[in-house]
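Residue numbers (the UniProt record's numbering): 2 to 368.
We treat Cβ as the ideally placed atom computed from N, Cα and C, and that holds for glycine.
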Ligand code: GDP
């Protein structure tokens, strides 16, 4: 049962029943004049954000706040995990504010991929997903590629208003903002922590020339990403750090590819054809016959087929099978956070396996 009390930090309705759920505060604290939920309490007193650093509800609260501002919204996505880092529904929350869409980590894509085509692709995907950005840019925050242009575009589109930078965790938002700070302030320490009205979720504010600010908002965790199912060491294996070298496999029907022990692709029907794999160069791809695949996985996940490591197998979810008919040419089969496989010709029946909870989907090919 909810009490009619809200947290002075985040505004959430306070409840005292379930410690694991949002808005919890112990009964004993409800007598106080100002009640604070457990989550805000920890943030306030221990400077500690809980593991699920932002719940979906918190994030929605932030988005709602953005809708009340008069600002430019800069939405950053990870081009390597476009769909996983998308933040669905953003356009419904930001009101009339324009959105500038920035694809980060461009350095990971093969150099042969044409920049203009990638931007066109982002535009058409954005449209399909219901977003009409004012413009679309492609940058690399770590390499500092096209950052200056991005800053110039931000200056142009913000028209003297504040800028809010949004993105889910790990898209490179901090790296991007730190780059911007260097450009704006020449390396001086300009970060000041300020409080968003009505929340204690700290926002980083970078002053701009005209008294306005560029504001970093907390990222939301993308729960459907492979990253959540592997340990830190393995995360290094699956996260590409440099240009991806696509690996091409010519497969016959009823052949299987294993991507370490993290994912699997069964090629079921459609004649001999090629599959182009875009993922971290460090992921071991093993080819086998479909009829042997189940047994091979059973016997070798954790050793030949890793990540995951043997020690982590107990926590690693079972692979779940998803079947797709590839009806159109140039289609990507996307394993959220791990990469994708491009099928160039239409008419292939495949089954894709990912750990339970991880997203798998098909889309028009990026490259
Ligand atoms: P945030 O959670 O969105 O703030 O992301 P971070 O800025 O902490 O970056 C997350 C990870 O992505 C880090 O390992 C960064 O080194 C990496 N990263 C950020 N920008 C880029 C980029 O432009 N290219 C590549 N390859 N990696 C990047």
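What are the residues that DSSP puts in a beta bridge with residue i?
i           : result
residue 341 : 279 and 335
residue 105 : 79
residue 362 : 335
residue 298 : The partner list for residue 298 (beta bridge, DSSP) is empty, contrary to what the question assumes.
residue 351 : 268 and 325
residue 16  : 25
residue 214 : 208
residue 356 : 320
residue 7   : 14
residue 74  : 100 and 165
residue 306 : 302
Take residue i and list the residues in its own chain whose beta-carbon comes closer than 7 Å to its own, dropping the five residues that flank it on each side.
i           : result
residue 318 : 230, 356, 357 and 358
residue 13  : 7, 23, 24 and 38
residue 134 : 100, 101, 102 and 127
residue 36  : 6, 8, 9, 15, 26 and 30
residue 161 : 211 and 213
residue 1   : Beyond the ends of the chain as shown, which are 2 and 368, falls residue 1; an answer cannot be given.
residue 163 : 70, 72, 213, 214 and 216
residue 311 : 303 and 304
residue 146 : 107, 108 and 140
residue 218 : 63, 165, 166, 167 and 204
residue 297 : 289
residue 315 : none
Please check the pair residue i and residue j, which I expect to be a contact at CB under 8 Å, by giving their CB distance rounded to whole angstroms.
i           : j           : result
residue 60  : residue 105 : Rounded, the Cβ-Cβ distance is 19 Å, inconsistent with contact.
residue 250 : residue 278 : 7 Å
residue 220 : residue 174 : 6 Å
residue 216 : residue 284 : Actually they do not touch by this definition, with Cβ atoms about 37 Å apart.
residue 363 : residue 327 : 7 Å
residue 270 : residue 331 : In fact, because the Cβ distance is near 19 Å, the residues do not count as touching under 8 Å.
residue 96  : residue 68  : 4 Å
residue 208 : residue 263 : Their Cβ separation, rounded to whole angstroms, is 43 Å, which puts residue 208 and residue 263 out of contact at 8 Å.
residue 172 : residue 86  : 5 Å
residue 306 : residue 261 : 6 Å
residue 179 : residue 275 : 40 Å between Cβ atoms; not a contact.
Apart from the five residues on each side of it in sequence, which residues of its chain come closer than 6 Å, Cβ to Cβ, to residue i?
i           : result
residue 361 : 323, 336, 353 and 355
residue 267 : 257, 291 and 352
residue 159 : 73
residue 241 : 109 and 281
residue 123 : 104 and 137
residue 185 : none
residue 120 : 137 and 139
residue 302 : 262
residue 369 : Look at the range of the chain in this structure, 2 to 368, and you will see that residue 369 is not part of it.
residue 294 : 257
residue 70  : none
residue 273 : 253
residue 226 : 85, 337 and 338
residue 98  : 72 and 74
residue 198 : Model confidence at residue 198 stands at a pLDDT of 37, short of 50, so the residue's coordinates are unreliable and nothing is read from them.
residue 142 : 105, 173, 176, 177 and 180
Within the same chain, show all residues whose beta-carbon is closer than 8 Å to that of residue i, passing over the 5 residues directly before and after it, in chain order.
i           : result
residue 21  : none
residue 88  : 76, 78, 167, 168, 169 and 221
residue 91  : 64, 74, 76, 100, 132 and 167
residue 365 : 122, 125, 126, 329, 331, 332 and 333
residue 236 : 228
residue 19  : 25
Next item on the list: Tell me the start and end of each unbroken alpha helix (DSSP H) in the stretch 233-293 that is at least 4 residues and wholly inside, in chain order.
Entry: 233-239
Next item on the list: Evaluate the contact criterion for the stretch 336-348 versus the stretch 74-88: three or more CB pairs, one atom per stretch, below 8 Å.
Entry: Contact holds: three or more Cβ-Cβ distances are below 8 Å.
Check: Do the stretch 106-116 and the stretch 243-257 touch if we need at least three Cβ pairs shorter than 8 Å?
Finding: yes
Checklist line | Stretch pair the stretch 282-293 + the stretch 256-270: three plus CB contacts closer than 8 Å | finding: yes
Check: If we count Cβ pairs, one from each stretch, closer than 8 Å, do we get three or more for the stretch 59-76 versus the stretch 161-173?
Finding: yes
Checklist line | 3-residue-minimum beta strand (DSSP E) runs that sit fully inside the stretch 83-158, ordered along the chain | finding: 100-105 and 136-139
Notebook entry, point to check: Are at least three pairs of beta-carbons, each pair with one atom in the stretch 150-161 and one in the stretch 114-126, less than 8 Å apart?
Noted result: no
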